[in-house]
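Numbering (the numbering used here) for the sequence shown: -8 to 355.
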Amino acid sequence: MLEDSEDPIVKTVQSTIKTGRKWKVVEAVDEAKECLKIKEVIGQTQTDRKGLGSSTAKWWSKAEGKEKRDMVINEIRLNEDSRRVQKAVQQPQQGQWTNWDNALQKSLTWNEIWHMAPLRISFLIRSVYDLLPSNANLVRWGKKEDPTCPLCQGRQTTEHVLSSCKIALSQGRYTWRHNRVLQELAAIISTAKGETTLPNTNALIFTTEGGAKSWHGRPVRTTNQIKCLLDGCDDWDVSADLPEWDSHPRLRPDIVIHSASTQQLIMVELTVPYENRMEEAHIYKREKYMNLSKEQENAGYKAVVMPVEVGARGFVGSSVYDLLAKLSICGNKRTKALKLLAEIAENSSRWIWSRRNERFLHMD
-8 MLEDSEDPIV KTVQSTIKTG RKWKVVEAVD EAKECLKIKE VIGQTQTDRK GLGSSTAKWW
52 SKAEGKEKRD MVINEIRLNE DSRRVQKAVQ QPQQGQWTNW DNALQKSLTW NEIWHMAPLR
112 ISFLIRSVYD LLPSNANLVR WGKKEDPTCP LCQGRQTTEH VLSSCKIALS QGRYTWRHNR
172 VLQELAAIIS TAKGETTLPN TNALIFTTEG GAKSWHGRPV RTTNQIKCLL DGCDDWDVSA
232 DLPEWDSHPR LRPDIVIHSA STQQLIMVEL TVPYENRMEE AHIYKREKYM NLSKEQENAG
292 YKAVVMPVEV GARGFVGSSV YDLLAKLSIC GNKRTKALKL LAEIAENSSR WIWSRRNERF
352 LHMD
């Protein structure tokens, strides 16, 4: 943005930037500036699901130099993202991912994409946009006449194959995928129990003589630790409802974290639903174990029920992030755990998809 330069000669230069046919730099910059001025007139508003006053806003009239340029760049990016989402919403099939309120965004680096198998990339992209060659899609594309599922005679869509086929459910395909994710989640919780983390405190800034350099001091351990569900005792016992683990009677939560000394119970219930049904699955599981939680509280225990969801296409629910945070699994360890859970769910669903027309299967 040459017009913000302090040099009068540079400020008057009319530079021409070549762009594509559909996007003009000058028009985008002018639109961003007008939006910033309008936002300042409107004032502070609510952001996403945050309350009023929870975030600060920068105003165009008070910004100078580089801060103005950054504001324009961010506003252009927001406008482009808004147009992209609007176009996706207009597509009822390919735009279903815009309704995944409880799913975390999947971030992939170029290095990860480079090392991915082509079939995995194809499955990930086509499953998100519902472009896999299911019988229903083949009928829509004019490649087939019968949209029914060869297993249960229902309408074979991507959602049907990955989460709704009755025959696949009776054969244990979804249970096999669920147990694979559960096994990894139980291992993560078992190795992390009793750990705590330091809060992200503001470190002191030390300046050398003359003010030439400055560096941030090391964070100091304080008594204000992040609240962890495992604080207060060190005799936590983790058990999971897996074939090789001891099963629980009655309702059988997937994972039970128990402390005998403090009489505390943390019940974790895992679901691997289709991504657009995460919120529905979360509410159902919480209501399902509400009576069991009350029974344990009447018996003198402090019980906590935490339903978690990992999407069938490898998108982790925000409930898993909250669970790991409350168990003090933070930073790089939490990032790796979320990535591993997503990969297991995605690989399992890809296996289920590849055998969608086979009636008899043997799960190893």
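We put the beta carbon where it would ideally sit given N, CA and C, even for glycine.
- Separation of Pro141 and Glu349 (C-alpha to C-alpha, rounded to the nearest whole angstrom) is 8 Å.
- Going by beta carbons, Gly308 and Val299 fall inside the 8 Å limit.
- Three or more Cβ pairs closer than 8 Å define a contact, and the region 284 to 303 falls short of that threshold against the region 130 to 137.
- Here Asn90 is exposed: its Cβ has fewer than 16 other Cβ atoms, across all protein chains shown, within 10 Å.
- Taking C-alpha positions only, Gln174 is separated from Ala127 by approximately 34 Å.
- Non-local C-beta neighbours of Leu153 in its own chain, meaning closer than 8 Å and more than five positions away in sequence, comprise Ser118, Tyr265, Ala303, Arg304, Ser340, Ile343, Trp344, ordered along the chain.
- The count of Cβ pairs closer than 8 Å, one atom from the region 317 to 331 and one from the region 110 to 117, stays below three, leaving the stretches out of contact.
- Contact annotation: the region 59 to 72 touches the region 23 to 33, with at least three C-beta pairs closer than 8 Å.
- The Cβ neighbour count for Met107, taken over all protein chains shown within 10 Å, is under 16; the residue is labelled exposed.
- Selection Val20, Ser52, Val17 evaluated against Gly34 yields Ser52 as nearest (Cα-Cα).
- Judged by DSSP secondary structure, Glu300 falls within the beta strand (DSSP E) whose first and last residues are 293 to 300.
- Secondary structure remark: continuous alpha helix (DSSP H) runs of at least 4 residues inside the region 100 to 145, in chain order: 101 to 106, 109 to 119, 126 to 131.
- For Met258, DSSP records a beta bridge to Val247, Val296.
- Under DSSP, Ser230 takes part in a beta bridge, and its partners are Val247.
- Here Asp121 has Gln84, Thr149 as same chain residues with Cβ atoms under 6 Å from its own Cβ, once five neighbours each way along the sequence are excluded.
- Counted as a single uninterrupted DSSP element, the alpha helix (DSSP H) harbouring Cys26 occupies residues 16 to 33.
- For Val172, the secondary structure class from DSSP, reduced to helix, strand or coil, is helix.
- Nearest C-alpha to Ile29 among Lys49, Arg347, Leu123: Lys49.
- When the five nearest sequence neighbours on each side are left out, the beta carbons in the same chain lying within less than 7 Å of the beta carbon of Asn267 are those of Gln87, Asn90, Trp91, in order along the chain.
- Distance from the CA of Ser125 to the CA of Gln147, rounded to the nearest whole angstrom, comes to 6 Å.
- Looking from the CA of Phe351, the closest CA among Ile158, Thr139, Glu31 belongs to Ile158.
- Listed in chain order, the alpha helix (DSSP H) runs fully inside the region 42 to 68 amount to none, counting runs of at least 4 residues.
- Across the structure, Trp227 and Ala328 are spaced so that their CA atoms are roughly 20 Å apart.
- Leaving aside the five residues that flank Ser252 on each side, the residues in its chain whose CB is nearer than 7 Å to its CB run, in chain order, Cys224, Asp226.
- In the structure shown, Gly308 falls within a strand segment according to DSSP collapsed to helix, strand and coil.
- Looking from the CA of Glu260, the closest CA among Ser181, Lys9, Val296 belongs to Val296.
- When the Cα atoms are used, Arg347 and Trp167 turn out to be separated by approximately 15 Å.
- Note: Ala94 is bridge-paired with Gly308 in the DSSP secondary-structure output.
- Inclusion of Leu332 and Val172 in the CB contact set at 8 Å is warranted, their separation being smaller than that value.
- In this structure, DSSP gives Leu220 a state outside helix and strand, which the three-state scheme calls coil.
- Pairing Leu176 with Ser319 gives a Cβ-Cβ distance that is not under 8 Å.
- Under a 10 Å Cβ-count criterion, Arg164 is classified as buried, with 16 or more other Cβ atoms of the shown protein chains found around its own Cβ.
- Judged by DSSP in its simplified three-state form, Gly322 adopts helix.
- Look at Glu349 here: in three-state DSSP terms it is coil, with no helix or strand label.
- Thr149 sits in a helix when the DSSP states are folded into three classes.
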